[in-house]
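Novice: I'd like to ask you about the structure that follows.
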Ligand SMILES: Cc1cc2nc3c(=O)[nH]c(=O)nc-3n(C[C@H](O)[C@H](O)[C@H](O)COP(=O)(O)OP(=O)(O)OC[C@H]3O[C@@H](n4cnc5c(N)ncnc54)[C@H](O)[C@@H]3O)c2cc1C
């Protein structure tokens, strides 16, 4: 596994009592490392279930993953479970998806393309659709078909992407680059290797591909990182290595099965879990902490780790004199998008949608502008449709499909009921027009989830779905650190801190936070 190194000595944590506030992936992962090191760990979660943004919604025989649905970087999961002498398959099964995903490009196909089209392109009733395959040769052919020389450009792009992945994982994801000095060292590594890391993704991709569709294929993963092509550093072209080379997988039972796996592992290691227990205050006391909850319970501990959103933890759970950052700091951050989500139980099949389908307007800049520059609801959205029932019989009743639609929108947008109702119709009309799947008269279960729900359910700042975007100024050393400089014994984990957004990154943040705690407690 690239970048993997042995977990540093965690033995100083033996015998310490630790409260972990929040049971998202970062909190669950940290809890496992701490308990394995001999700490006495209690995870205190606000909601009725563990998993955080990876919650599950069950309704009338349908089971929806409410948040993450792409299982990427399987090696990170292997490494995580490996530390505890387990494998992911001790808890859940994964299968590689074929196709990895499907893309519908909105609008009429270009007649010039139509003339030379083969079965890889325009393969559905005049709609322009492509499949990204686990077979690299098939992807090469597709790229060549869309743009002459595209196949070779794909090879060169993936070569660069793989090298960025290696450097990124080794020097920067698995290493806790919390000091500027370390970052400078990493910069030297970068220069020595001649890698493209700091320009924008847009500039980087344009060096390889002219066709906007190919540019979009290489850039859609930025939405996973909460960024846009013009504000995300080119370093993150490593995501194409993740996507094309490492592959896209599905854990049977959905991401919920992975949450269950982590919870079960934690139990085996001795972690205690308390749900329905919103923490209202973290207070220092002589030699430790008292963590109070809204229900009037108190948990005493030597150390505290917060997996709840960083901005919320500092501003709502700590007294003002104990905060590292003021309100202006949090106001000036670039937040990753929120989302408008529709969870739909649908009668019948939803051919020609794949397990993962993206529907993209030809010019998606306008959509990104509505997220980062001029917050508003996009009129012509780029969006994602997930149909896990294509792969898993257990997530929908027989004869039905389980589908969710996800439109990234600006954090902090007003999502009053009228706007949501209007937008719901816009999305369903758009799906019918651009994929040919008319869902409108066969929906049997329907729930929506958006900005205010992220804020209410997860205490998410501005209702962001993902946390702090991975802009250059919010990458590595520039992300809020996993150790508080103002409160001895208080630590952070999860997507707001290092290394960042996404389930694999949050698993790694558990390791980095536990290592930082052990190093501190040894002093
Ligand atoms: C819609 C969506 C789609 C995504 N898709 C993908 C994907 O396909 N692949 C991928 O890898 N990643 C994806 N992500 C990102 C990924 O889900 C997150 O980065 C990750 O799950 C965040 O984990 P976390 O540890 O930061 O904490 P969170 O999941 O945010 O958990 C924090 C926990 O703290 C709890 N909490 C808050 N306040 C309190 C309090 N006062 N007291 C007690 N508990 C509290 C919350 O209830 C929550 O359970 C997606 C996210 C979303 C929202």
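In our numbering, the protein residues as written are 1 to 523.
The beta carbon of each residue, even a glycine, is placed where N, CA and C say it ideally should be.
(1) Does the beta-carbon of residue 133 have 16 or more other beta-carbons within 10 angstroms, so that it is buried, or is it exposed?
(2) In the DSSP assignment, find the beta strand (DSSP E) that holds residue 510 and state where it starts and stops.
(3) Taking 7 Å as the cut-off, is the beta-carbon of residue 330 closer than that to any non-hydrogen atom of ligand 1?
(4) Going residue by residue through the region 198 to 261, where are the continuous beta strand (DSSP E) segments of at least 3 residues, counting only ones entirely within it?
(5) According to DSSP, residue 284 sits in a beta bridge with which residue or residues?
(6) So residue 151 and residue 141 are supposed to be a Cβ contact under 8 Å. How far apart are they, rounded?
(7) Considering only their Cβ atoms, is the gap separating residue 146 from residue 129 smaller than 8 Å?
(8) Since I believe residue 506 is in contact with residue 38 (beta carbons under 8 Å), could you give me their beta-carbon distance rounded to a whole number of angstroms?
(9) Between the Cα of residue 352 and the Cα atoms of 86, 94, 101 and 78, which residue gives the shortest distance?
(10) Mark residue 523 as exposed unless 16 or more other C-beta atoms lie within 10 angstroms of its C-beta, in which case mark it buried.
(11) Tell me, to the nearest whole angstrom, how far the beta carbon of residue 604 is from that of residue 447; I am working on the premise that it is less than 8 Å.
(12) Nearest to residue 234 by alpha carbon, out of 275, 246 and 165?
(13) What is the C-beta distance between residue 309 and residue 496, in whole angstroms, given that I count them as a contact (C-beta under 8 Å)?
(14) Express the C-alpha separation of residue 257 and residue 91 in angstroms, rounding to a whole number.
(15) Nearest-angstrom Cα distance between residue 244 and residue 391?
(16) Run the CB neighbour count on residue 512, radius 10 Å, all protein chains shown included, and call it buried at 16 or more, exposed below.
(17) Between residue 388 and chain C, is there a C-beta pair that is closer than 8 Å?
(18) Between residue 512 and ligand 1, is there a pair consisting of the residue's CB and a ligand heavy atom that are separated by less than 7 Å?
(19) Which of helix, strand or coil does DSSP assign to residue 5?
(20) Going along the chain, which residues of its own chain have a beta-carbon closer than 8 Å to the beta-carbon of residue 15, five neighbours each way excluded?
(21) Quick test of the definition: if touching needs 3 or more C-beta pairs under 8 Å, does the region 335 to 342 touch the region 457 to 475?
(22) Does any heavy atom of ligand 1 sit closer than 7 Å to the C-beta of residue 45?
(23) Nearer than 7 Å: is that true of the beta carbon of residue 307 relative to any heavy atom of ligand 2?
(24) Tell me whether residue 224, by its Cβ, gets closer than 7 Å to a heavy atom of ligand 1.
Specialist: So, to answer that:
(1) buried
(2) Note, residue 510: premise wrong, no beta strand (DSSP E); alpha helix (DSSP H) at 503 to 522.
(3) no
(4) The DSSP assignment places complete beta strand (DSSP E) segments of no fewer than 3 residues inside the region 198 to 261 at 249 to 251, in order along the chain.
(5) 289
(6) 7 Å
(7) no
(8) Taking 8 Å as the upper bound for CB-CB distance, residue 38 and residue 506 are not in contact here, some 23 Å apart.
(9) 101
(10) In the assembly as shown, residue 523 is an exposed residue. Its beta-carbon has fewer than 16 other beta-carbons within 10 Å.
(11) Only positions 1 to 523 of the chain appear in this structure, which leaves residue 604 out of reach.
(12) Residue 234 has its Cα closest to that of 165, out of 275, 246 and 165.
(13) 6 Å
(14) Answer to the nearest angstrom: the Cα atoms are 8 Å apart.
(15) 20 Å
(16) buried
(17) The structure shown has no chain C; it contains just one protein chain.
(18) no
(19) coil
(20) When the five nearest sequence neighbours on each side are left out, the beta carbons in the same chain lying within less than 8 Å of the beta carbon of residue 15 are those of 38, 39 and 40, in order along the chain.
(21) yes
(22) yes
(23) This structure does not include ligand 2; its bound ligands are ligand 1.
(24) yes
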